[in-house]
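In short: position in the sequence shown from 1, add 382, done, that's my numbering. Don't be surprised by glycine CBs; every beta carbon is placed ideally from N, CA and C.
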Amino acid sequence: MKHLEAIGRYFMMLYEIFRKQTKWSISKKLILKEIDDLMYSSLGIIAFISLFVGAVIAIQMALNISNPLIPKSLIGFATRQTFILEFAPTFTSIIVAGKVGSFITSSIGTMRVTEQIDALDIMGVNSLNYLIFPKIIALMLYPFAICMSMALGMYGGYMAATIGQYATSAEFLEGLKLQFKPFDITYALIKSFIFAFVLATIPAYHGYYMKGGALDVGKASTISFVWTSVAIIVIDFIITQILLT
């Protein structure tokens, strides 16, 4: 029952976010700040993880298809499919949930503890729109980070395969082009847009409605990460069922 109440409050929160807008001149500055805090600061960790995971996937594929009857181009094919369909949009989002989600929950939760949100409400400001709407808009740039993750993952796989002599450059590139479907990119971007909305709103919900003192901010951040990750996995399953079956 408690979880159903939380889900209902979450959807009511979404309604309130878009009900009364903050002045654009104010929102614009907040959006630019959130782009820097949420997106720009996350590019480094996304790039680092994507590069090395791509290399690991390529090496593991090479070691598992060492049969001379299996073409080496499948190393590139498997690396591409793994990154485009699953790792870049889904598992990168779970990793980002640990960084971005915790930041959102802790920052809004701290404002709740220090009664800054109450002050906004007293001044007649729609605190939900003021605090959460800029984060949603900023994270709509998240698909660009996913595209970067895809490219770096495949590049990491290429470097690992060629330097480790698991496949030649031509064989790996042939695998990258093998049976390529542009819809796979569309599928990944659709997921990343939805995950971006989840990354902005679920952590914000846990920060906005948290109760207690300063020590409870850390607890709220942990809970928000867990529920954001669960939501991403469930939504990933639903979207895959709808778009790929």
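Residue i and residue j look like a contact to me (Cβ under 8 Å); what is the Cβ gap, rounded to whole Å?
i: residue 543; j: residue 444; result: 6 Å
i: residue 456; j: residue 557; result: 6 Å
i: residue 603; j: residue 484; result: 4 Å
i: residue 404; j: residue 507; result: 7 Å
i: residue 567; j: residue 588; result: Going by Cβ atoms, the distance from residue 567 to residue 588 rounds to 32 Å, so no, they are not a contact pair.
Quick one: what's got a C-beta closer than 6 Å to residue i's C-beta in the same chain, skipping five residues either side?
i: residue 534; result: 429, 432 and 433
i: residue 571; result: 525
i: residue 475; result: 577 and 614
i: residue 499; result: 493 and 509
i: residue 573; result: 471 and 621
i: residue 569; result: 625
i: residue 464; result: 439
i: residue 546; result: none
i: residue 530; result: none
i: residue 528; result: 470, 471 and 574
If the criterion is Cβ atoms closer than 9 Å, does the pair residue i and residue j meet it?
i: residue 469; j: residue 560; result: no
i: residue 413; j: residue 511; result: no
i: residue 461; j: residue 536; result: yes
i: residue 562; j: residue 471; result: no
i: residue 466; j: residue 395; result: no
i: residue 487; j: residue 607; result: yes
i: residue 495; j: residue 388; result: no
i: residue 384; j: residue 424; result: no
For residue i, collect the residues of the same chain with a Cβ closer than 7 Å to its Cβ; drop the 5 residues on either side in sequence, then sort them by chain order.
i: residue 598; result: 592
i: residue 517; result: 416, 420, 486, 582 and 586
i: residue 502; result: 509 and 512
i: residue 402; result: 508 and 511
Residue i: buried (16+ other C-beta within 10 angstroms of its C-beta) or exposed?
i: residue 407; result: exposed
i: residue 411; result: exposed
i: residue 452; result: exposed
i: residue 626; result: exposed
i: residue 612; result: exposed
i: residue 479; result: buried
i: residue 514; result: buried
i: residue 436; result: buried
i: residue 397; result: exposed
i: residue 504; result: exposed
i: residue 552; result: exposed
i: residue 554; result: buried
i: residue 473; result: buried
Output needed for residue i: all residues of its chain with C-beta closer than 8 Å, excluding positions within five of it in sequence on either side, in chain order.
i: residue 550; result: 454 and 544
i: residue 477; result: 427, 428 and 431
i: residue 575; result: 522, 524 and 525
Does any C-beta atom of chain B lie closer than 9 Å to the C-beta of residue i?
i: residue 441; result: In the structure shown, chain B cannot be found, because there is only a single protein chain.
**OP:** Pair every Cβ in the stretch 427-441 with every Cβ in the stretch 533-553, then say whether three or more of these pairs are closer than 8 Å.
**Re:** yes
**OP:** Check whether the stretch 610-627 touches the stretch 419-426, counting contact only when three or more Cβ pairs, one atom from each stretch, lie closer than 8 Å.
**Re:** no
Original post:
Okay, do the stretch 518-532 and the stretch 576-583 touch, 3+ Cβ pairs below 8 Å being the bar?
Top reply: yes
Original post:
Counting pairs of beta carbons, one from the stretch 488-495 and one from the stretch 587-603, are three or more of them closer than 8 Å?
Top reply: yes
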